Amino acid sequence: MKFTLFQENTIEALDDCSGSTKHCAKNAIRHLRKAWKIRAIDIEMAVFRGITAEEEAASSLFHCLKAHRYRNADRLLFKEHTYKLGLFPFIEGIGHFLGESIVYGSQFFDKFHLRHKRLGQRRAIELLLNMPEHGLTVSPTPPLHFTIANAKMGQVLTFENNFQELIEGAGYDNALKYIKDRAGQRNKLLYASNSGHSKVEGNIEDYLEEQKKKVMVYLAIVLMIDPWEKEEGSSSFVQQALDSYLLLLQRIEGHEVTRPNNAL
42 MKFTLFQENT IEALDDCSGS TKHCAKNAIR HLRKAWKIRA IDIEMAVFRG
92 ITAEEEAASS LFHCLKAHRY RNADRLLFKE HTYKLGLFPF IEGIGHFLGE
142 SIVYGSQFFD KFHLRHKRLG QRRAIELLLN MPEHGLTVSP TPPLHFTIAN
192 AKMGQVLTFE NNFQELIEGA GYDNALKYIK DRAGQRNKLL YASNSGHSKV
242 EGNIEDYLEE QKKKVMVYLA IVLMIDPWEK EEGSSSFVQQ ALDSYLLLLQ
292 RIEGHEVTRP NNAL
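Take any residue in the sequence shown, note its place counting from 1, add 41, and you have its number in my numbering.
This is the structure:
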């Protein structure tokens, strides 16, 4: 499995983390690489390792939040599949509304990107916002500690409405469907049914590439939080996202996870 230079640097920077944050992150990469190696001889276990890689990367982020004592982080249940599998649709939803707020809703920022940097003895990731009209690039410190304000109205946008959309309506439906699909897929990979053993359909390489993207998103977020905490303190946006995610999980926990088909 090939990784981009940015992804390779991210993987190396995780060595500066500690404890379960580090070990879960590195194990996620290990599962991806193992899955790629066996994809042609054991496609079912390659898929299983792909799912496990996603969950391990989510666990790394959870451990990071707990280690830095984010409020309510102790409510994240590391052994519950729902908590780990529900993270991707939630973060994907954040990416949509954050991108719209920064890029499309502003005349000042035309794009944003990430880059690696040294932070004391640590390797970290920072967020860069480009301001073409002024020839400047700004970087929130820490990367996920920011607000967006409307100067004319004197109003700070705290994203509360956006997070509410992720907890209710389409955001909730997407998260629930994603969890059901992944949970059902895992069960059918491991156990036979009345119709026989499982049979995976689809392009395994495309599937593993998608899993790699998810894993790298989680691990990049870890490096936008973990190295910065000691010097810069906690991030308000991260706290708001965590509180909203826990509310989403409360809604999801009451639903039965069924078994859909196991196509990739």
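Where a beta carbon is used, it is the ideal one built from N, C-alpha and C, also for glycine. Computed from a predicted model, the values in this text were never measured in an experiment.
In terms of Cβ geometry, Y248 and A98 do not form a close pair [threshold 8 Å]. Judged by DSSP secondary structure, L288 falls within the alpha helix (DSSP H) whose first and last residues are S277 to I293. For H122, the enclosing alpha helix (DSSP H) starts and ends at H122 to L126. Residue E246 holds the alpha-carbon nearest to the alpha-carbon of I79 among E246, I262, H64 and L290. The Cβ atoms of G127 and L283 lie no closer than 8 Å to each other. Taking a cut-off of 8 Å for Cβ pairs, the segment 91 to 111 and the segment 60 to 73 touch, as three or more such pairs fall below it.
I82 counts as exposed, since fewer than 16 other C-beta atoms from the protein chains shown sit within 10 angstroms of its C-beta. Our two residues, L185 and A76, have alpha carbons roughly 32 Å apart in a direct line. Q162 counts as exposed, since fewer than 16 other C-beta atoms from the protein chains shown sit within 10 angstroms of its C-beta. Secondary structure note for V263: its alpha helix (DSSP H) is the uninterrupted segment I245 to L264. Judged by DSSP secondary structure, F44 falls outside any alpha helix (DSSP H); it is assigned neither H nor E.
The beta carbons of F119 and L230 sit no closer together than 8 Å.
With respect to P268, D57 sits close: the two C-beta atoms are nearer than 8 Å.
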